[in-house]
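> Start counting the sequence shown at 5; every next residue gets the next number (this note's numbering).
By construction, the Cβ of each residue, glycine as well, lies at the ideal position given by its N, Cα and C atoms.
One structure, as structure tokens, below. Some questions next.
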Amino acid sequence: MASSSLKQTLKALYAELVRGLDPDSASEFFSEGLLTNSEKESVDAGATRTKKNRNLMDALLRRDPEKALQKIIEVLEGEEGEDKVANEVLLRKIEEKYPHYSYENGLQQQQQQQGPPPPAEVPTREPMNIPVDIKPIGVIPRGSGPTKPAAIPQIAQVSATTPHNEGTDGGRRDRYPMNSVPRGYCIIINNEKFATLRERAGSKWDADSLEELFREYLGFHVERYNDLDSQRIRKLMKSVQEQDHSRLSCLVVAILSHGVNGQVYGTDGVLIKVDDLTDYFNGRWCPSLNGKPKIFLLQACRGGNFDYGAINPESTDSGEMDQSVVSQILDEDETDGGGYSLLPDNADFILAYATTPGYVSWRNSAFGTWFIKAFVDTMYDKASTDHFMDNLIEVNRIVAEEYESRGKQKQMPAPVTTLRYKLYLPPVKRK
């Protein structure tokens with residue numbers, strides 16, 4: 005199997021392995037020569053399990069992919085106890101993408117076979133596991149608008165984990181109810197290829213991670229659209245607006261694209277104001293979502309400035325930065341133009357911007373963007389106990405403190421909220 009194909013297989017498994025590997029296994033990879041001493045120290049120094057495993061996987065992707073994948077399989081197969089069941093699920097996923105491995109027959113026996121089939125590609129628009137009582141919004145063919153969504157005839161009750169320190173609703177209104185199945189629509193617009201702008205290499209990994217998070221873990225009905233021009237984005241938003249959301253609890257819209265302050269690009273290079281997109285779902289124009297949380301994840305630049313950061317007075321790593329340039333995040337000209345209108349119609353929104361007004365956001369061609377990666381990792385780690393705004397604060401911390409470009413530029417996410425209650429999105433229990 006070609007080395008490049010194996011590396012793509014490892015990348016496709018990246019999110020699952022970050023969640024599933026035991027970071028204590030780093031010593032086993034080190035003993036096999038798959039980690040350097042400094043890389044092992046980096047893994048051990050990670051503040052969380054997720055951070056440890058990110059460091060581990062980042063190092064393994066720099067090694068021979070076949071040796072790395074075979075050692076990963078060996079480690080997963082060798083673990084016993086409470087991790088064994090979770091590892092079996094992970095090994096099944098490896099089996100789907102790595103033809104040299106069979107969960108039933110093991111690695112070596114399968115390797116003796118000749119002419120293995122190529123690894124399954126991660127589809128850009130797979131036929132999703134749509135519940136029987138849900139009809140999809142539909143694929144938008146080029147040059148035409150989306151199919152109008154069909155009605156949702158029945159909504160069942162969700163089985164979800166209640167945050168341990170909050171109890172149940174009990175008649176209180178300190179949180180938004182999340183008791184529908186599915187919880188709501190999650191619309192993902194992933195724009196990678198543009199007519200006049202640079203390709204957004206790596207955005208596919210963001211879209212894949214978000215799709216799995218919201219569909220499998222958080223219980224949303226996910227619809228994903230790739231490479232939409234400005235007209236088709238507007239038509240899609242109109243189509244979602246016209247859907248009956250009265251028996252749903254929430255709406256999520258994720259837009260992964262190029263952008264400038266307060267605007268995002270369609271693939272045709274035409275800008276759309278973020279306010280225009282959110283207006284489709286305000287209380288006046290989408291009454292079936294009135295009083296319900298509307299989450300917009302906006303992975304796009306908001307300008308062309310670079311943030312070189314400032315020395316953190318709480319940091320113990322003094323002297324590592326070559327320069328300390330204090331970045332002015334908001335100036336007088338930007339506070340009015342880039343903000344969000346707090347009109348009554350616009351209550352119950354979260355706009356989770358990847359960066360602050362005027363600044364760029366960063367993307368890795370192999371693993372996607374800093375912001376989406378931190379968001380997905382945080383939701384897996386904390387959605388079962390923490391409310392959504394606390395999770396976004398943690399995303400702020402991770403991106404601000406744990407990420408840095410080769411040129412030592414930094415990034416600061418900037419969530420904006422008009423929520424009136426706490427929003428919990430606990431993971432659903434799969435029956």
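Using 8 Å as the cut-off, can you tell me whether the segment 265–282 makes contact with the segment 221–234, which would need three or more C-beta pairs spanning the two stretches below that distance?
Output reads yes: the segment 221–234 touches the segment 265–282.
> What number of angstroms, rounded off, separates the C-alpha of residue 95 from the C-alpha of residue 61?
Those two C-alpha atoms are separated by around 16 Å.
> For a minimum of 4 consecutive residues, which ranges assigned as the alpha helix (DSSP H) are wholly contained in the segment 242–314?
Counting whole runs of 4 or more residues, the segment 242–314 contains the alpha helix (DSSP H) stretches 278–283.
> With the cut-off set at 8 Å, would you say residue 375 and residue 403 are in Cβ contact?
Taking 8 Å as the Cβ cut-off, residue 375 and residue 403 qualify as a contacting pair.
> Go ahead and label residue 93 buried or exposed: buried means 16 or more other beta carbons lie within 10 angstroms of its beta carbon, across all protein chains shown.
By the neighbour-count rule (16 or more Cβ atoms within 10 Å), residue 93 is not buried but exposed.
> Smallest Cα separation from residue 351: which of 75, 267, 283?
For the residues 75, 267, 283, the minimum Cα distance to residue 351 belongs to 283.
> Is the segment 182–190 close to the segment 243–258, with three or more CB pairs under 8 Å?
Enough Cβ pairs lie closer than 8 Å, so yes.
> Could you tell me if residue 265 is buried or exposed, where buried requires 16 or more neighbouring beta carbons within 10 angstroms of its beta carbon?
The residue is buried, with at least 16 neighbouring Cβ atoms inside 10 Å.
> Can you tell me whether DSSP reads residue 39 as helix, strand or coil?
It is coil, neither helix nor strand.
> Helix, strand or coil for residue 398? Go by DSSP, reduced to three states.
DSSP places residue 398 in helix when its eight states are reduced to three.
> Classify residue 223 as helix, strand or coil using the three-state DSSP reduction.
In the structure shown, residue 223 sits in coil (DSSP, three-state: anything other than H, G, I, E or B).
> As an exercise, report each continuous alpha helix (DSSP H) stretch of at least 4 residues that is fully enclosed by the segment 48–77, in chain order.
Complete alpha helix (DSSP H) runs here, min 4: 53–64.
> I need the DSSP call for residue 205, collapsed to helix, strand or coil.
Coil at residue 205, not helix or strand.
> Enumerate in chain order the residues of its own chain whose CB-to-CB distance from residue 52 is below 8 Å, with the five nearest sequence positions on each side excluded.
Same-chain partners within the cutoff: 385.
> Taking all protein chains shown into account, decide if residue 358 is buried (16 or more other Cβ within 10 angstroms of its Cβ) or exposed.
It is buried - the Cβ of residue 358 has at least 16 other Cβ atoms within 10 Å.
> Quick one: what does DSSP say residue 183 is sitting in, helix, strand or coil?
Note: residue 183 maps to coil in three-state DSSP.
> Looking only at its chain, what residues have a beta carbon closer than 6 Å to the beta carbon of residue 21, apart from the 5 residues adjacent to it on each side?
61, listed in sequence order.
> Quick check: the Cα distance between residue 11 and residue 288, rounded to an integer number of angstroms?
Computed Cα separation, rounded: 49 Å.
> With a threshold of 6 Å on Cβ separation, who are the neighbours of residue 25 within its own chain once the five nearest residues in sequence on each side are excluded?
So the list reads 57, once near-sequence residues are dropped.
> Please state whether DSSP places residue 238 in a helix, a strand or coil.
Residue 238 falls in the helix class under three-state DSSP.
> Provide the residue(s) that pair with residue 191 in DSSP beta bridges, ordered along the chain.
Per DSSP, 227, 257.
> Take residue 215 as the anchor and find which of 192, 202, 207 has the nearest alpha-carbon.
Residue 192 is the option with its Cα nearest to residue 215.
> Since residue 217 and residue 380 should fall inside the 8 Å C-beta cutoff, what is the C-beta to C-beta distance between them, to a whole number of angstroms?
Indeed they touch by this definition, with Cβ atoms about 5 Å apart.
> Whose C-beta lies closer than 6 Å to the C-beta of residue 299 among residues of the same chain, with five residues either side of it excluded?
Cβ neighbours of residue 299 beyond the five flanking positions: 256, 354.
> Mapping the DSSP letters down to three states, classify residue 384 as helix, strand or coil.
If DSSP states are grouped into helix, strand and coil, residue 384 belongs with the helices.
> Roughly how many whole angstroms lie between the Cα atoms of residue 393 and residue 36?
Their backbone Cα atoms lie some 42 Å apart in a straight line.
> Note down the Cα distance separating residue 418 from residue 397, rounded to an integer number of angstroms.
One C-alpha to the other measures close to 9 Å.
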